[in-house]
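Using the UniProt record's numbering, read the sequence shown as starting at 40 and increasing by one per residue. The beta carbon of each residue, even a glycine, is placed where N, CA and C say it ideally should be. Treat the numbers as computed from the prediction; the structure is a model and nothing was measured. These notes concern the structure reproduced below.
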Amino acid sequence: DTGHFTYDPGYGSTASTKSAITYIDGDEGVLMYRGYPIEQLAQQSSFLEVAYLLLHGELPNKSQFSGFENDITHHTMMHESHKNFFQGFHHDAHPMAMLAASVASLSAFYHDDLNVDNPEDRKLAAIRLIAKMPTIAAACYRYSIGWPFRYPRNNLEYVTRFLHMMFEVPSEPLELSPTCAKALDLLFILHADHEQNASTSTVRLVGSTGANPYASIAAGITALWGPAHGGANEAVLKMLEEIGSPDKVENAVKRAKDKNDNFRLMGFGHRVYKNFDPRAKIIREMCHKVLAEMGVNDPLLDVAMKLEEAALKDDYFVERKLYPNVDFYSGIIYKALGIPTEMFTVMFAIARTAGWIAHWIEQHETPGSRIGRPRQLYVGAPKRDYASIDKR
Ligand code: SDX
């Protein structure tokens with residue numbers, strides 16, 4: 040009666056939540072959004088169409104998609120006084136700190152007229168969050184480098200509009216290769232949702248108390264920041280740079296196996312995938328393609344490939360079923376697109392906002408859904424009587 044139930048979804052682990060959004064089979068390396076295999080969505084869909092699918096449960100027809108895209112396009116601007124919020128940050132604040140605080144502050148701008156029990160209000164909140172995340176994310180980056188913010192341009196599609204807000208400077212037109220926008224759109228698709236991961240479970244738990252969607256998503260952003268979760272993409276780049284060259288990979292693998300050395304192979308392992316993360320396979324192929332198309336020759340890719348090869352044939356990793364996950368190659372692509380390392384997890388947050396808000400809405404729409412209240416196994420002191428301080 041804690042509002043949580045456990046049942047065995049059939050692959051040997053117990054589940055505490057029912058959801059119709061994303062299906063993962065960790066042993067088979069299967070990932071589906073609303074029944075559509077991630078490989079097909081990666082090849083044929085777009086991030087905005089996937090966001091619609093996650094929210095509504097079905098792929099949109101032409102008029103549904105253009106209505107959705109129109110809604111998103113006309114909610115991309117930040118409230119003008121929201122921009123002042125950034126002035127409070129030190130110039131070298133981590134973009135994830137600025138993002139979490141800025142998204143939470145949306146509650147201050149939109150909370151009054153929002154009723155979480157009203158489906159229309161929930162839909163508007165979803166539109167606002169998906170629309171504004173790129174604008175806020177770009178503002179975090181521009182503030183950190185001291186550049187003026189750029190307004191969202193409604194004549195651009197979602198990802199290109201974001202890249203313009205990130206990189207456009209007043210003095211010259213921004214030349215963007217189509218590869219950039221296509222690669223980023225694909226990375227957003229692959230990061231859009233992933234069942235009950237730590238940050239999504241956080242959003243659901245916070246949302247289950249009736250908290251507004253902006254506060255719930257801000258909680259998800261802070262959970263995602265951890266290096267064991269979304270922060271891993273930033274940590275992978277730092278690890279590859281620390282290793283430095285392919286000839287140092289053997290030593291890195293040795294260190295990762297040494298329990299006395301807290302060096303972990305970032306981008307390896309997963310709580311659920313005990314086989315290849317299907318997203319890592321797609322990103323690995325894309326990595327080679329994007330770098331070739333952009334004429335980028337990044338030595339870190341050689342280090343990454345050597346590291347993957349060494350780990351996949353090492354007993355320690357094979358026995359523990361540690362494979363590259365979604366974060367292993369994504370950072371190399373972000374770097375090739377000109378995204379700075381400290382912005383990698385912000386990219387993850389932009390994409391995962393679609394999944395987070397879909398889960399937040401699903402929970403509100405689930406009949407009988409109650410406040411989450413995980414229990415514990417008590418292992419503390421047995422009952423005892425108070426002793427006054429002079430007797431201690
Ligand atoms: C994401 O949940 C999701 O769906 C998350 C995510 C999403 O889309 O939302 O997929 C995104 O967060 C991907 C994961 C990104 N994190 C990293 O890449 C960080 C590096 N990986 C590890 O920290 C770790 O693998 C975790 C956090 C991902 C999983 O941690 P677990 O559950 O503790 O790992 P495990 O229980 O499967 O580990 C089993 C063994 C342990 O050793 P033993 O105690 O058996 O001797 O493998 C070891 C671990 O110490 N191990 C590693 C390792 N990961 C696990 N050893 C070296 N390097 C690693 N990366």
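Is residue 386 near ligand 1 - that is, is its Cβ less than 8 Å away from at least one heavy atom of it? In terms of side-chain proximity, the C-beta atom of residue 386 is found no nearer than 8 Å to any non-hydrogen atom of ligand 1.
Unbroken beta strand (DSSP E) run spanning residue 69, endpoints: For residue 69, the enclosing beta strand (DSSP E) begins and ends at 69-72.
In its own chain, which residues sit with a C-beta less than 7 Å from the C-beta of residue 42, not counting the 5 before and 5 after it? At residue 42 the pLDDT is 41, less than 50, meaning the model places this residue with poor confidence; the figure from the coordinates comes in the next sentence. Answer for residue 42: 409, 410, 411, 412, listed in chain order.
Would you call the stretch 389-408 and the stretch 54-61 touching, i.e. three or more CB-CB distances under 8 Å? Three or more pairs of CB atoms, one per stretch, sit closer than 8 Å, so the stretch 389-408 contacts the stretch 54-61.
Rounded to the nearest angstrom, what separates residue 132 and residue 140 at their Cα positions? Between residue 132 and residue 140, the C-alpha separation is close to 11 Å.
Under three-state DSSP, which class holds residue 227? Helix.
Residues of its chain near residue 40, where Cβ-Cβ distance is below 8 Å and the 5 sequence neighbours each way are ignored: Note that residue 40 scores a pLDDT of 33, beneath 50, so its modelled location is shaky; the value from the coordinates is reported in the next line. Around residue 40: no qualifying Cβ.
Proximity of residue 160 and residue 394 at Cβ, strictly below 9 Å: Contact flag unset, no.
Between the stretch 64-78 and the stretch 310-329, do at least 3 Cβ pairs fall closer than 8 Å? They touch, by the three-pair rule.
Every unbroken alpha helix (DSSP H) inside the stretch 61-122 [4 residues or more]: Counting only runs of 4 or more, we get 77-83, 86-95, 101-112.
Sequence-distant residues of the same chain with beta carbon closer than 7 Å to residue 279, five excluded per side: Taken in chain order, the residues that qualify are 339, 342, 343.
For ligand 1, I want to know if residue 16 counts as a neighbour, meaning its beta carbon is within less than 8 Å of at least one of the ligand's heavy atoms. Examination of residue 16 is not possible in this model, given that the chain is present from 40 through 431 alone.
Cα-Cα, which of 189, 119, 429, 372 is closest to residue 337? When only C-alpha atoms are compared, the closest one is 372.
What is the residue span of the alpha helix (DSSP H) that residue 406 lies within? Unbroken run through residue 406: none, as it is neither H nor E.
Given a threshold of 16 other Cβ atoms within 10 Å of its Cβ, counted over all protein chains shown, does residue 366 qualify as buried or as exposed? Flag for residue 366 reads buried.
Cβ atoms of residue 172 and residue 397: under 9 Å apart, would you say? No, these two residues do not count as a Cβ contact at 9 Å.
Where in the stretch 320-408 do unbroken runs of the alpha helix (DSSP H), each at least 4 residues long, occur, reported from the N-terminal end onward? Qualifying alpha helix (DSSP H) stretches, in chain order: 338-351, 354-358, 366-375, 383-404.
Using 9 Å as the threshold, is the C-beta distance between residue 223 and residue 188 below it? No, the Cβ-Cβ distance between residue 223 and residue 188 is not below 9 Å.
How about residue 114 and residue 144: do their beta carbons lie closer than 9 Å? No; because the gap between Cβ atoms is not below 9 Å, this pair is not in contact.
Looking at C-alpha atoms only, which residue of 291, 306, 175 is the closest neighbour of residue 300? When only C-alpha atoms are compared, the closest one is 291.
Looking at residue 288 and residue 370, is the spacing between their C-beta atoms short of 9 Å? Not in contact: residue 370 and residue 288 (Cβ atoms no closer than 9 Å).
Beta carbon of residue 90: closer than 8 Å to some heavy atom of ligand 1? Residue 90 Cβ: outside cutoff for every heavy atom of ligand 1.
Give the secondary structure of residue 234 by DSSP, where H, G and I count as helix, E and B as strand, and everything else as coil. Correct three-state label for residue 234: coil.
Residues near residue 248 by beta carbon distance below 7 Å, same chain, minus five either side: Excluding sequence neighbours, residue 248 sits near 410.
Tell me whether residue 391 counts as near ligand 1, meaning its Cβ is closer than 8 Å to at least one heavy atom of that ligand. Under cutoff, so the answer is yes.
Residue 182 - containing alpha helix (DSSP H), residue span: From DSSP, the alpha helix (DSSP H) with residue 182 extends over 158-183.
Let's see if you can read the secondary structure: which residues bound the alpha helix (DSSP H) around residue 134? Note, residue 134: alpha helix (DSSP H), 134-149.
Can you pull the DSSP bridge partners for residue 211? DSSP output for residue 211 lists 208 as bridge partner(s).
What three-state label does DSSP hand residue 307 in the structure shown? Residue 307: strand per DSSP, three-state reduction.
Does the distance from the CB of residue 190 to the CB of residue 167 come in under 9 Å? No, they are not a contact pair.
Can you look up residue 429 in the DSSP assignment and give me helix, strand or coil? Helix at residue 429.
Residue 73 beta carbon less than 9 Å from that of residue 106: No; because the gap between Cβ atoms is not below 9 Å, this pair is not in contact.
May I ask you to report which of helix, strand or coil DSSP gives residue 281? DSSP, read as helix, strand or coil, puts residue 281 in helix.
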